[in-house]
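Below is one structure, written out as structure tokens, with a few remarks after it.
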Amino acid sequence: LGKNPGDVWDIPNVKSNHVEKTEHPCQFPTELTDRLVLSMTNPGDWVFDPFLGTGTTIASAVRHGRRGAGAEILGRYVAIARERVASAMEGTLRVRPMGRPKYDPLAAGNSLTKAPWEAHENPEEKQLRLMQNRARYNHENR
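Residue numbers (the working numbering): 2 to 143.
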């Protein structure tokens, strides 16, 4: 990486089903902290996170050859941060791969959203089709 990849970064939030999820309510994804560490530091530099949380920033620093330090007032998060940084040092920290496209259920075409052949349907055509189906349904169920 080494430079900002653009003005808009499309990075998914860490939600309950995210591979990196811990108990912290507003955890940063490692893709965000990886990009920041890589774009603003050089190998061997120090990275300081004054609001450490569960250690995502320091884990990113360690994974990319930087040194890190942080501060956190809640002991339960410090314990999680220590475990995550240790995993990062061992190369076993579970992270979502950088640059991986976000899952879009509307584009995925699964059975809960739409049929696979509709994945690239024109929005105007889809709206017309839905209105026709609704009219047919209303007519048949009178």
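We treat Cβ as the ideally placed atom computed from N, Cα and C, and that holds for glycine. Computed from a predicted model, the values in this text were never measured in an experiment.
Cβ neighbours of residue 126 in the same chain (closer than 7 Å, five flanking residues each side left out): What you label residue 126 is simply residue 125 of the sequence shown in a count that begins at 1. There are no such residues.
Outcome for residue 74 when other beta-carbon atoms lying within 10 angstroms are tallied against a minimum of 16: By one-based count along the sequence shown, residue 74 stands at place 73. Label assigned to residue 74: exposed.
Cα-Cα separation, residue 130 to residue 124: As a working mapping, residue 130 is identified with position 129 in the sequence shown. As a working mapping, residue 124 is identified with position 123 in the sequence shown. Straight across, the Cα-Cα distance linking residue 130 with residue 124 is about 10 Å.
Between the CA atoms of residue 45 and residue 30 - distance to the nearest angstrom: Position 29 of the sequence shown, counted from the start, is the residue given in the question as residue 30. Position 44 of the sequence shown, counted from the start, is the residue given in the question as residue 45. Approximately 22 Å, taken between the alpha carbons.
First through last residue of the beta strand (DSSP E) which encompasses residue 68: On the sequence shown, residue 68 is found 67 positions in, with the first residue counted as 1. 68–71 is the span of the beta strand (DSSP E), which, as asked, contains residue 68.
Beta carbon of residue 65 nearer than 7 Å to that of residue 86: Within the sequence shown, numbered from 1, the residue matching residue 65 stands at position 64. Within the sequence shown, numbered from 1, the residue matching residue 86 stands at position 85. Contact flag unset, no.
For residue 50, the residue or residues it bridges with in DSSP: Counting from one through the sequence shown, the residue named residue 50 turns up at place 49. Its beta-bridge partners are 71.
Contacts around residue 55, its chain only, beta-carbon distance under 7 Å, and the 5 residues preceding and following it disregarded: Stepping through the sequence shown from its first residue, residue 55 is reached at position 54. If we look at residue 55 and ignore the five residues flanking it on each side, its Cβ neighbours are 23, 25, 28, 78, 81, 82 and 85.
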